Amino acid sequence: MTTFLSPEILAGLEEARERGWQKSNRLRVEAGTQSHAVLRAWNDGFALPAGAAPHLRGLVDLYDGARHLKRCLIVASEEDGREIRFELKIVNEASGEQPVDFERPVDAPVALIAEG
Numbered sequence: 753m754t755t756f757l758s759p760e761i762l763a764g765l766e767e768a769r770e771r772g773w774q775k776s777n778r779l780r781v782e783a784g785t786q787s788h789a790v791l792r793a794w795n796d797g798f799a800l801p802a803g804a805a806p807h808l809r810g811l812v813d814l815y816d817g818a819r820h821l822k823r824c825l826i827v828a829s830e831e832d833g834r835e836i837r838f839e840l841k842i843v844n845e846a847s848g849e850q851p852v853d854f855e856r857p858v859d860a861p862v863a864l865i866a867e868g
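Going by our numbering, the sequence shown runs without a break in its numbering and finishes at 868.
This is the structure we're talking about:
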């Protein structure tokens, strides 16, 4: 048995697959005031759509929905017809707490309750 699909049907199936994945994908990258949806991500990089994304460079923030994941220094590594791939040069993981300029004691209280 042979299976043959025309190029038009294959292109339609690929487009539908990408649309479905983009709806479920919450990753986005922000550079200044610009925000772009990430097509796919891996350990040392990510890809953006070629038509919608400019050639970003420099410091960007990577988000999963509203949660800040990383602050990254990036460069564009390669472009094919559909996507631009970016390399992460420096990655700083985002933490949920503010940095402090003093050492916190291990047995410090979490909160203080006022009397009265």
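Glycine included, C-beta positions come from ideal geometry on N, C-alpha and C. Note that the structure is a prediction, hence the values are computed from the model and not measured.
Rounded to the nearest angstrom, the gap between the Cα atoms of His-788 and Ala-768 is 20 Å. Here Leu-811 is exposed: its Cβ has fewer than 16 other Cβ atoms, across all protein chains shown, within 10 Å. For Arg-778 and Gly-833, the gap between their C-alpha atoms comes out near 23 Å. A residue is called buried once 16 or more other Cβ atoms fall within 10 Å of its Cβ, and Phe-854, having fewer, is exposed. Ile-842 and Cys-824 do touch by the CB rule: their CB atoms are close to 7 Å apart, below 8 Å. CA-CA distance, His-820 to Asp-813, rounds to 7 Å. Distance from the CA of Leu-840 to the CA of Val-852, rounded to the nearest whole angstrom, comes to 27 Å.
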